[in-house]
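The numbering of the sequence shown is the numbering used here, which starts it at 834 and goes up by one. Beta carbons: idealized from backbone N, C-alpha and C, even for Gly. Quick caveat, the model's predicted, so the values are computed rather than measured. Here the structure comes first, spelled out in structure tokens, and everything after it is commentary.
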Amino acid sequence: MADRGAVGRFAPSPTGRLHLGSLLAAVASRCQALHRGGRWLVRMEDLDPPREVPGAADDILRTLEGFGLHWDGEVVFQSQRHGAYREALDELSSGGQAYPCGCSRKDWLGQPHYPGTCRSGLALGMAARMQRHRLSGRRREWTDVYRGHLAYETAQLGDFPLLRADGHWAYQLAVVVDDRMQGVTEVIRGGDLLDSTPLQLDLWAALNEGRGVQPTPQYGHLPILQTLSGQKLSKQTLARPVDVAEAASLIDLVWGLLGQQRTDEWRSAIVGATPSEIMGLAVDLWDESVVPTEPVQLQGWGQDSPP
Ligand code: GLU
């Protein structure tokens, strides 16, 4: 069904080179948006300098191009958007949906999440170390594109940082402010981010109160790619970077992991076509109804980190 207003996005953090898990998210988010005639954006989530690797952002963008994953418009760099995050935080604070917190992690050790110690104000003599979002306590639910109806009680979750103790903006705030600013209508990403979605929906609702209602995107969470012992492919598990020289066979691998059919047309395309042509065909053939949700264990794509 053509939906020219669909806006998807891929939002890598430049903490290393693109690995198979990130390629999976890039391919799926692009197919999901373009199959319906929409647009696909790339946003660089470079807000965490201590975790970033010099040159990784450029490397990721060149790798995306090498895989035929061409984006629409300009790449947005979160490192250029401090003013927007500050404005959103100020607005949340004045609406009472953000508050200063003076606790450090050891103050709530052994608890499943932050217990809300500073919700009603800092204790005497305590200095603010960070800013947290005051969860609404409402139930947050959505129909996940791949996983169906999901619901979380935010009363059972912990108020989370918006501005971290090290002075950096927190992922949850930046991602919601930017998804809103960019008019994103569908967030397709790894299943490891599932638990972030109710937090982001709660923040989205809080911003809707101050800034006017903007409908929340649809969310879709992909299978998590893991090492053989079940650890997520990541920098910690030394996830192997994807190589542009193997673009056709890697797109084919990802296509299979996304549950998509390898039709005759597909099989012949991956032999002679360029990555851009293969991705064009992928967009045409994309079937969201077959995307699996269970984690997948793969050999040779990462190494188990020590316990
Ligand atoms: N930057 C996040 C990551 O690389 C993804 C954020 C998102 O898709 O919401 O894990």
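Between R876 and D1011, the beta carbon gap of about 6 Å places them in contact (Cβ cut-off 8 Å). Just measuring C-alpha positions, the residue of E885, G954, A1039, V1129 sitting nearest L857 is V1129. Burial of E878 is indicated by the presence of at least 16 other C-beta atoms within 10 angstroms of its C-beta.
The DSSP-derived three-state label of C951 is coil. Listed as beta-bridge partners of H966 by DSSP are A931.
Going by beta carbons, V1017 and R872 fall outside the 7 Å limit. Selection T848, R863, P847, P845 evaluated against G1113 yields R863 as nearest (Cα-Cα).
Within the DSSP bridge table, the entry for W873 names G841 as partners. With contacts defined as CB atoms closer than 7 Å, R972 and A984 qualify as a contacting pair.
At least one heavy atom of the ligand GLU falls within 6 Å of the beta-carbon of S846. When the Cα atoms are used, L1066 and G929 turn out to be separated by approximately 38 Å. For the set G954, A1106, L853, D1076, the Cα lying nearest the Cα of T1070 is the one of L853.
Burial check for T1096: the Cβ neighbour count within 10 Å stays below 16, so the residue is exposed.
Between the alpha carbons of S1082 and I1057 lies a distance of about 20 Å.
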